[in-house]
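**Q** Numbering (the numbering used here), first residue to last: 2 to 465. Heads up, the beta-carbon is just placed ideally off N, CA and C, and yes, glycines get one too. Quick caveat: nothing in here was measured; it's all calculated off a predicted structure. Just passing along the structure, written as C-alpha cells.
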C-alpha cells in the first residue's frame, strides 16, 4: 500500500485556535462525557476531537421489543474492498459531479459506482457480494498519519468505471416484492423463481426497446410494453396462486403495466459542477494519509421492535449522518464511533481504545419508508428514523429492513494515543468525527430482498 499523509496543518491549526482564543479571551470547556447528538464546541482543534472510551458512560438505549417484534437478521458478505474501489464521488447527493464529495469513499458491493451511476448502470454491473447483491454501500475512508514531514505522494488510482453513463430512456416496472406479505418457507422457492422471472422479463424488454424506434409510441406499445404486460400478468398470477395456497391475498393488482421513462427519472438531481480530479488521484486536498482498509465490514439488515418489516423497493436511496454538520447543524448528524467491547456507548468524537480493543464505526440507517418514493429532494424525507424510545415508525411510513454497517479497524495503539488517525471529510469539516456518514442504494434483485424480509420476519439468523 502506498503511503499517504494527513495534511501537516495540525500544528498551524492549533496555533491559530490558541491565538483566536487568547484574542477573544475565551476559555473553552471540554466535557469528558460525550452523549450521542451533542455538538462539538466551536473552534475545537484536532486534539479535542479524541476521547478515551473508558471515560464515557454507556449511552446506547435499545427500544424494548413488543410481542410481535421481528428479531431476525440478514447479513450480506460483500468483502472489505479488496479490489481497491475508491473515488471522491456521490451519485446520490451530487449526481454527475466528479469529486463532488471532495473526500474519498470506500466501496463494497456494486463494482461500477461513481458520479455518473444510474439505475440501469448499477443493475448491469458486477458486485463483490457473494450472493449477487448489486447494491452499493459506501463511506468515507479512515486514514492514519505516520509521518508529518513526509512528502505528499500520488495514491492508488480510484476504482470503478469512470465512463459517463448516458441517461437514456428505459422500461420501468412497478416493484412486486415490496407488496408481498410473509411467504411461507414451503412457498419460498416458487415465489423467488417468479420474482427472478419478473426481473428477467424487464431485461428482455429493454433489449427489445433498444431495437425499436423509441419515438414511435405505437411501435413501443405494440412490440415492447404490451407483450411485457402479458408476461408479467402470468408471473404475478403465479405468485397469487402460491399465496392463495397459504390463505394469503397480497394486493398485486395493477403491477403488470410498465412504462418508458428516463433512467433515474425519480431521482432529484443537483446542479452539475466541474470538480473533477482528472488523474484519479486518491490524495485529495485536505485529505491525505495512509488509507485504512477495515479489518471487518459487517452489513446486516435487522427487524423492527414493533412488528414485521416490508421489502425495500429496488433503487431505494438511503443516507446516514451528515457530511456537512458544521454547515447544516446537528439535526441529521449521528454519533457513530466506538471501540470493540464498548458498543454500549457511541461517540461523536474519535475514541481511544484500551489494549485489546479496536476502533469501530456503527452506522444504523433510517428504516421507516413512505411506501412510494425511492428518493426525495433532500434525500431524507422519503425514509425516516423510527422513534428512538419506542422504535415505532412515524405515521404514514412503514418499517423496512434496517441496515446496520459496522466497520472495525486495527489502528495501532501508538497511533491512537498520538491522535494520528481521522476520517476523510469536506475541507471545511477539518476531519470532524461528527461528520461521519454512509450511503446505500438498494440494487438487490427482488428475490434476494424477499429472502431478506422472510428471514427477518421469521426471526432467523441468515448469512449469504
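When you compare each of 408, 111 and 173 to residue 360 by their alpha carbons, which one comes out closest?
**A** The option with the nearest alpha carbon to residue 360 is 408.
**Q** Check each candidate in 381, 424, 255 and 410 and name the one with the smallest Cα separation from residue 234.
**A** If we check each option's Cα against that of residue 234, 255 comes out closest.
**Q** Leaving out five residues before and five after residue 296 in sequence, what residues of the same chain have Cβ atoms less than 8 Å from its Cβ?
**A** Around residue 296: 81, 359, 409, 410 and 411.
**Q** Can you tell me which of the three DSSP states residue 456 falls into?
**A** The answer is helix: DSSP assigns residue 456 an H, G or I state.
**Q** Whose C-beta lies closer than 7 Å to the C-beta of residue 145 among residues of the same chain, with five residues either side of it excluded?
**A** Contacts found: 290, 291, 293, 412, 416, 421 and 422.
**Q** Which value, in whole angstroms, describes the spacing of the CA atoms of residue 175 and residue 99?
**A** The straight-line gap from Cα to Cα measures roughly 31 Å.
**Q** May I ask which residues mark the beginning and end of the beta strand (DSSP E) holding residue 103?
**A** No beta strand (DSSP E) holds residue 103; DSSP gives it neither H nor E.
**Q** With C-beta atoms as the reference, is residue 319 less than 8 Å away from residue 364?
**A** No, Cβ-Cβ distance for residue 319 and residue 364 is not below 8 Å.
**Q** Just curious, the beta strand (DSSP E) that residue 192 is in, first and last residue?
**A** Not the beta strand (DSSP E): residue 192 falls in the alpha helix (DSSP H), residues 189-210.
**Q** Which same chain residues end up closer than 6 Å to residue 121 when comparing Cβ atoms and leaving out the 5 residues on each side of it in sequence?
**A** Answer for residue 121: 171 and 264, listed in chain order.
**Q** Taking residue 437 and residue 337 to be in contact with their CB atoms under 8 Å, please state how far apart those CB atoms are, rounded to whole angstroms.
**A** Residue 437 to residue 337, Cβ: 5 Å. Contact.
**Q** From the DSSP secondary-structure annotation, give me the bridge partner or partners of residue 141.
**A** According to DSSP, which records beta bridges pairwise, residue 141 is partnered with 106.
**Q** Exposed or buried, residue 124, counting other C-beta atoms within 10 Å across all chains shown (16 or more means buried)?
**A** Buried, because 16 or more other Cβ atoms sit within 10 Å of the Cβ of residue 124.
**Q** The alpha helix (DSSP H) with residue 241 in it runs from where to where?
**A** Counting along the chain, the alpha helix (DSSP H) containing residue 241 begins and ends at 227-245.
**Q** Alpha carbon to alpha carbon, how far is residue 389 from residue 102? Give it in angstroms, no decimals.
**A** About 29 Å.
**Q** Alpha carbon to alpha carbon, how far is residue 316 from residue 224?
**A** Going from the Cα of residue 316 to the Cα of residue 224 covers about 26 Å.
**Q** Since I believe residue 184 is in contact with residue 192 (beta carbons under 8 Å), could you give me their beta-carbon distance rounded to a whole number of angstroms?
**A** About 5 Å; that satisfies the 8 Å criterion.
**Q** In whole angstroms, what separates the C-alpha of residue 137 from that of residue 108?
**A** So the two alpha carbons sit approximately 7 Å from each other.
**Q** Could you check if residue 262 is buried or exposed, using at least 16 other CB atoms within 10 Å of its CB as the buried criterion?
**A** It is exposed - the Cβ of residue 262 has fewer than 16 other Cβ atoms within 10 Å.
**Q** Taking residue 62 and residue 355 to be in contact with their CB atoms under 8 Å, please state how far apart those CB atoms are, rounded to whole angstroms.
**A** Their Cβ separation, rounded to whole angstroms, is 23 Å, which puts residue 62 and residue 355 out of contact at 8 Å.
**Q** Between which two residues does the beta strand (DSSP E) containing residue 326 stretch?
**A** Counting along the chain, residue 326 falls outside any beta strand (DSSP E), though it belongs to the alpha helix (DSSP H) covering 326-329.
**Q** Under a Cβ-count criterion, where at least 16 other Cβ atoms within 10 Å of its own Cβ denotes burial, should residue 446 be classed as buried or exposed?
**A** Its Cβ being crowded by 16 or more others within 10 Å, residue 446 is buried.
**Q** Could you tell me the boundaries of the beta strand (DSSP E) in which residue 256 lies?
**A** Counting along the chain, residue 256 falls outside any beta strand (DSSP E), and DSSP gives it neither H nor E.
**Q** Is it buried or exposed, residue 243, if we count other Cβ atoms within 10 angstroms and call 16 or more buried?
**A** Buried, since its Cβ has 16 or more Cβ neighbours within 10 Å.
**Q** Name, in chain order, the residues that DSSP records as bridge partners for residue 404.
**A** Looking at the DSSP assignment, residue 404 forms a beta bridge with 302.
**Q** Quick one: give me the first and last residue of the alpha helix (DSSP H) that residue 415 is part of.
**A** Segment 414-418, the alpha helix (DSSP H) holding residue 415.
**Q** If we count Cβ pairs, one from each stretch, closer than 8 Å, do we get three or more for the segment 393-403 versus the segment 305-315?
**A** Cβ pair count under 8 Å is three or more, so yes.
**Q** Within the same chain, show all residues whose beta-carbon is closer than 6 Å to that of residue 430, passing over the 5 residues directly before and after it, in chain order.
**A** The residues are 327 and 436.
**Q** For residue 423, list the residues DSSP reports as bridge partners.
**A** DSSP output for residue 423 lists 144 as bridge partner(s).
**Q** Exposed or buried, residue 190, counting other C-beta atoms within 10 Å across all chains shown (16 or more means buried)?
**A** Counting Cβ neighbours within 10 Å, residue 190 comes out exposed, since fewer than 16 surround it.
**Q** Considering only their Cβ atoms, is the gap separating residue 464 from residue 76 smaller than 8 Å?
**A** Yes, Cβ-Cβ distance for residue 76 and residue 464 is below 8 Å.
**Q** Leaving out five residues on either side along the sequence, give the residues of the same chain with a beta carbon under 6 Å from the beta carbon of residue 309.
**A** Counting only Cβ-Cβ distances below 6 Å, and skipping sequence neighbours, we find 71 and 458.
**Q** According to DSSP, which residues form a beta bridge with residue 347?
**A** Answer is none; residue 347 lacks a bridge partner.
**Q** Hey, could you find the ends of the beta strand (DSSP E) residue 52 is sitting in?
**A** Note, residue 52: beta strand (DSSP E), 51-53.
**Q** Report back the beta-carbon spacing between residue 127 and residue 105 to the nearest angstrom; my notes put them in contact at under 8 Å.
**A** Not confirmed; about 21 Å, so no contact.
**Q** Since residue 241 and residue 253 should fall inside the 8 Å C-beta cutoff, what is the C-beta to C-beta distance between them, to a whole number of angstroms?
**A** That pair is a contact at about 6 Å.
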